[in-house]
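**Q** Chains as they are written, first to last, in the working numbering: chain A, 1 to 442; chain B, 1001 to 1510.
Structure, rendered in structure tokens:
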């Protein structure tokens, strides 16, 4: 597939990193240094030019692309580039990135002539609201209209003995779920019945949303299994998007915002949330408002350092579960090091969402786990696939695991006797390097 | 600002464009005088002397014309600053206009200038307090003039409420739900003009409907005393929540059916006219349920009716349907600040009086013809207080005060707090003056009666307690008390602030 990418910033380079193996990429950016950094590392065509200039787009060959991604950090550039690309080629799929939720609404109403609009704020908010749903998870994602959930957990000494330290075939695993992978010392294995989960492992589970919740309470039994109240630090664009997503989930919400103006606007926008005008760092305030009684806190301020510090202070005041926004990719490991439970990089989440559009049309959605080493695919089987009619017990195990199938719109979590049928949507877990042949085999 | 500064007298810089303000007052007076034509027609019909009305109209219009001439060439830019003075003067002037026919033909009851002015002010402010003691002695035309002044006052209030007060930042723009652009009072924008016209049309239509409903009782033989004359007279004073009656017994003189009809129209008159327009004229009945103030207004009226009925029944004053009717009627009459009565509550037990007294401070909806504090202010005040208490515990919490889902801005909230303070202050001062004056002049007005007299005037309600009760009159009060009551009616009608502003030094001088 020919992919034309506008913008070589953080989102752009993540997109390049994921797509450069399997696709023919052209990257357009105004900044030569950013292009050089990409050209040094990946085999892609780079063109210096302006995404808002139709001539530059033409010169760079946008007309030949199958997929146009406008992923610069500026909404206006992306909008204009998306429109121009549309003029040059009607065949290509156009995807634009925006940081303004208003554009997403416009697009949904059919007012924007592009195929997809991806908003960092919205993707971040959705990612966080999924995590809040299964608080023990490091990361979770949903497929098949929310019927199938995938969750990644860190197993530690608090985990229940029902599942830890016993061979998987003897463990009391929640129904409708499967352990897709066990990562031990950075080494991923697709577990067999004789394998066992040990403390310190990281595991990936595929199952129904209820099963994912059950896993959450197995691995983190004391409290915190269902989050009733969340505190959000920061009521800017990201914080507000998160607030909206969490309120839709029915979670109790408190927000802390240092700017009086933003605090007022948040209070007006979210009548159900309790909004404080405070920095959220003064012990007196935290004590008086019993901030520590919330089951989770999300740190969505603009400054990564502030998020990290505020998370540490919140931990001291008793918040058991902390999720922080890491605007810089480098902050993700730093946050992890500092004891923050989950960090979400908005640009990373956005890139992941954008990359989904580059897959085979049969491949609906993709989630990437563990710095993009593993992927979850949603593939519809072809009638010509050689695995049609094969019972799951007899499926060859080649570094891929089928977690669920969606048949006639309903999710089935298959057992050994079930048989794969043509037209089934298969949700499977595999290493990123295996994606092309796995898709081919189905 | 500089062109608005005129230099008069000893070259003091004054901040207000007096000629422009007077010019507008003159224009308004000129047209107001035409209102005398209606009672003239009534007088002709009943073969009563027409000259008192013609003279009153001529004097008023002539005065208006003269004022306009004298100030001709003044700037036509009447801004918000002049607005305070204009509305204050217009109501004083209108009351004087209303008083002229009483002065000319009021006989012993109304002929005294102070009494005539009291009755005129009570009419144009749609209060309904009266100095009349012998209704039989009044001619038809004078009777109808009293009723008519209230109806005109109601029309004035609609304009005041939709166009003038919101621009003077009283009541708050958000409370009225009407967007009123620009600060120019003299150049009523087309939007305001058309809004006013629509609301007037609604006002006229509802009045006509009520007159028809009441008159049909007479035609059907349900209520023999309800002649077309009486029907019109009472429709004239229901819609402006006025309360003047042609009968000493007020609505007690009419049948139960007539009383229930009046209850319905009082409730309508106490609703926000903009809301009525949307709900009735545009046929969107859901608008009523969606409006927070309307819901609280109905709930308060219902609660008041239940409490009163229970009290009346348990005291054994009335029973059965009569108790329910008396409870509902008095409750609705006081909440809407109409002031009609069907029973003489002036000498009821103290507990019942206290309930009635409390109702005098409720007031109808904002944007209605009613007076007093008004439901929306109570509603917002309760929300402000709840926020204050919340912020006492959690000083950092940010809580916008909402009305119908939208947050009300802080200046509007401050205005509400200060209005309620001014209101209570004015009421207390008024009550004190009346109490002292009554004590000195030996009028038999008790403490509660003085407090109620002040409240009923300030709230533009009408009847008080004791001798000023429903079947009594304000005639026996001393001159100082009457003057005080006139002042209270006036400032109450204008929601106090426009008058209070006139008392500040910086209103006049830079």
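Backbone N, C-alpha and C define an ideal beta-carbon position, used for all residues, glycine too. Note that the coordinates shown come from a computational prediction; the quantities given were computed from them, not determined experimentally.
So, with DSSP's three-state summary, where would you put residue 421/A?
**A** Coil, per DSSP.
**Q** For residue 1023/B, decide whether its Cβ has a neighbour in chain A, counting only Cβ atoms nearer than 8 Å.
**A** No - not a single Cβ of chain A is within 8 Å of the one on residue 1023/B.
**Q** Within 8 Å (strictly less), CB to CB, does residue 1295/B reach chain A?
**A** With 8 Å as the cut-off, residue 1295/B does not count as an interface residue toward chain A.
**Q** In whole angstroms, what separates the C-alpha of residue 262/A from that of residue 280/A?
**A** Using only the alpha carbons, I get a separation of about 15 Å.
**Q** Using a C-beta cutoff of 8 Å, does residue 271/A count as contacting chain B?
**A** Taking Cβ atoms only, chain B reaches closer than 8 Å to residue 271/A, which makes this a yes.
**Q** Given that residue 276/A touches chain B, what residues does it touch there, using C-beta distances under 8 Å?
**A** Simply 1394, 1396, 1397, 1398.
**Q** Please give me, in chain order, every unbroken run of the alpha helix (DSSP H) with length at least 4 that falls completely inside the region 1210 to 1289 of chain B.
**A** Fully enclosed alpha helix (DSSP H) runs of 4 or longer: 1228 to 1238, 1256 to 1269, 1273 to 1276.
**Q** I'd like to confirm the pairing. Which residues does DSSP put opposite residue 187/A in its beta bridges?
**A** In the DSSP output, where bridge partners are listed per residue, residue 187/A has 184/A.
**Q** Please check the pair residue 1266/B and residue 1338/B, which I expect to be a contact at CB under 8 Å, by giving their CB distance rounded to whole angstroms.
**A** That belief holds up - the Cβ atoms of residue 1266/B and residue 1338/B are roughly 5 Å apart, short of 8 Å.
**Q** Tell me whether the beta-carbon of residue 1469/B lies closer than 8 Å to the beta-carbon of residue 1361/B.
**A** In this structure, residue 1361/B does not lie closer than 8 Å to residue 1469/B by Cβ.
**Q** Does the separation of the CB atoms of residue 156/A and residue 200/A fall below 8 Å?
**A** Against a cut-off of 8 Å, the Cβ pair of residue 200/A and residue 156/A comes out as a contact.
**Q** Check whether the Cβ of residue 1274/B sits closer than 7 Å to any heavy atom of the ligand SAH, and report yes or no.
**A** The ligand content of the structure shown is nil, which means the ligand SAH is not present either.
**Q** Using the beta-carbon count (16 or more within 10 Å), is residue 1201/B buried or exposed?
**A** With fewer than 16 Cβ atoms within 10 Å of its Cβ, residue 1201/B is classed as exposed.
**Q** Quick one, which of 1068/B, 1453/B, 1247/B has its alpha-carbon nearest residue 1137/B's?
**A** If we check each option's Cα against that of residue 1137/B, 1247/B comes out closest.
**Q** Where residue 206/A and residue 271/A are concerned, what is the direct C-alpha to C-alpha distance, given to the nearest angstrom?
**A** Rounded to whole angstroms, residue 206/A to residue 271/A spans 36 Å at the Cα level.
**Q** Let's see if you can read the secondary structure: which residues bound the alpha helix (DSSP H) around residue 1035/B?
**A** Here residue 1035/B belongs to no alpha helix (DSSP H), and DSSP marks it neither H nor E.
**Q** Give the straight-line distance between the Cα atoms of residue 294/A and residue 266/A, rounded to the nearest whole angstrom.
**A** Answer to the nearest angstrom: the Cα atoms are 19 Å apart.
**Q** Would you identify the three-state DSSP class for residue 139/A, choosing helix, strand or coil?
**A** Of the three classes helix, strand and coil, the one that applies to residue 139/A here is strand, per DSSP.
**Q** Rounded to whole angstroms, what's the CA-CA distance from residue 1472/B to residue 1133/B? Just pull it up for me.
**A** Their Cα atoms are separated by approximately 7 Å.
**Q** Taking the alpha-carbon of residue 1457/B as reference, which of 1493/B, 1067/B, 1156/B, 1216/B has the nearest alpha-carbon?
**A** Comparing Cα-Cα distances from residue 1457/B to each of 1493/B, 1067/B, 1156/B, 1216/B, the minimum goes to 1493/B.
**Q** Three or more C-beta pairs closer than 8 Å, one from the region 1102 to 1109 of chain B and one from the region 1083 to 1090 of chain B: is that the case here?
**A** No, the region 1102 to 1109 of chain B does not touch the region 1083 to 1090 of chain B.
**Q** Between the region 285 to 318 of chain A and chain B, which residues of the former have a C-beta closer than 9 Å to a C-beta of the latter?
**A** Listed by position along the chain: 285, 288, 289.
**Q** Mind checking the region 59 to 70 of chain A against chain B and listing, in chain order, the residues whose C-beta falls within less than 7 Å of any C-beta there?
**A** Correct list: empty, as no residue qualifies.
**Q** Considering only DSSP beta bridges, list what residue 1407/B is partnered with.
**A** Its beta-bridge partners are 1402/B.
**Q** Is the separation between the beta-carbon of residue 172/A and that of residue 163/A shorter than 8 Å?
**A** Yes, the Cβ-Cβ distance between residue 172/A and residue 163/A is below 8 Å.
**Q** Give, in chain order, every residue of the region 237 to 259 of chain A whose Cβ lies closer than 7 Å to some Cβ of chain B.
**A** Correct list: empty, as no residue qualifies.
**Q** Quick check for students: name the residue ranges of the alpha helix (DSSP H) that lie wholly in the region 91 to 157 of chain A, counting only runs of 4 or more.
**A** The qualifying runs are 101 to 108, 120 to 133.
**Q** For residue 212/A and residue 196/A, what's the separation of their Cα atoms in angstroms?
**A** For residue 212/A and residue 196/A, the distance between alpha carbons rounds to 19 Å.
**Q** What would DSSP say about residue 1374/B, mapped onto helix, strand or coil?
**A** In this structure, residue 1374/B counts as coil in the three-state DSSP scheme.
**Q** Using only CA atoms, which one of 1394/B, 1216/B, 1462/B lies nearest to residue 1336/B?
**A** That would be 1462/B, whose Cα lies nearest to the Cα of residue 1336/B.
**Q** Quick check: what's the CA-CA separation for residue 40/A versus residue 46/A?
**A** Using only the alpha carbons, I get a separation of about 10 Å.
**Q** Cβ closer than 9 Å: which chain A residues qualify as neighbours of residue 1402/B?
**A** Within chain A, the residues near residue 1402/B are 268, 271.
**Q** On the DSSP letters alone, give me the boundaries of the beta strand (DSSP E) that residue 29/A sits inside.
**A** Its beta strand (DSSP E) spans residues 24 to 29.
**Q** Can you tell me whether residue 1423/B is buried or exposed? The criterion is at least 16 other CB atoms within 10 Å of its CB, across all chains shown.
**A** With 16 or more other Cβ atoms within 10 Å, it is buried.
**Q** Could you say which of 1024/B, 1290/B, 1300/B lies nearest to residue 1074/B if we only look at CA atoms?
**A** With distances taken between Cα atoms, residue 1074/B lies closest to 1024/B.
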